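Asker: Here you go, one structure.
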Amino acid sequence: MGWIVSRKKKDFIGRRSHQRADTSRPDRKHLVGLLPDDPDDVIPEGSQLVAEPDRQPPPTPMLGHVTSSYRSVALGRSFALAMVKSGRERLGSTVYVQLPDRVVAATITEPVFYDRENQRRDS
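The sequence shown stops at residue 175 when you use this note's numbering, and every number in between is there.
Shown next as structure tokens:
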């Protein structure tokens with residue numbers, strides 16, 4: 053959020069929260085996008101994300117969780133949003149969702165999927 057905050061102002065709404073050490077923690081969860089390897093897989097909301105698909109024994113360390121997941125006609129595939137530890141640093145990496153009957157692999161991406169360049173704003 054540093055890009056939103058003016059460095060010239062001494063005080064602003066949210067200043068105290070912005071200065072908390074927890075806000076700049078490196079392992080803090082970030083909102084990221086997920087693109088399943090199979091474009092028809094819709095990952096169930098609330099699913100836990102792990103780094104290794106077959107790690108045994110439980111408990112498997114959780115990297116984050118899926119907050120929402122949809123099939124998009126505009127994109128022609130499914131996508132999801134998730135909160136992932138150090139998510140911005142993991143862009144391009146693969147995470148896994150362990151479902152009862154299978155494992156779904158997904159790539160971490162930016163959370164904006166449609167019109168990333170803002171070309172269609174006034175269309």
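A virtual CB, placed ideally from N, CA and C, is assigned to each residue, including glycine.
If you're wondering where the values come from, they're calculated on a predicted model, not measured in any experiment.
1) Looking only at its chain, what residues have a beta carbon closer than 8 Å to the beta carbon of residue 91, apart from the 5 residues adjacent to it on each side?
2) Just how far apart, CA to CA, sit residue 102 and residue 151?
3) How long is the line joining the alpha carbons of residue 156 and residue 77, rounded to whole angstroms?
4) So is the beta-carbon of residue 114 under 7 Å away from any non-hydrogen atom of the ligand NAD?
5) Under 8 Å, do residue 121 and residue 95 count as touching if we go by C-beta distance?
Answerer: So, from the data block:
1) Locating residue 91 in the sequence shown gives position 39, where the first residue counts as 1. Correct list, in chain order: 128, 129, 130.
2) Counting from 1 along the sequence shown, the entry for residue 102 is found at position 50. Counting from 1 along the sequence shown, the entry for residue 151 is found at position 99. Distance between the alpha carbons of residue 102 and residue 151 is about 11 Å.
3) Position 104 of the sequence shown, counted from the first residue, corresponds to residue 156. Position 25 of the sequence shown, counted from the first residue, corresponds to residue 77. Rounded to whole angstroms, residue 156 to residue 77 spans 29 Å at the Cα level.
4) Absent from the structure shown: the ligand NAD. Ligands present: none.
5) Sequence index remark: in the sequence shown, residue 121 carries index 69 (1-based). Sequence index remark: in the sequence shown, residue 95 carries index 43 (1-based). A contact, by the Cβ cut-off of 8 Å.
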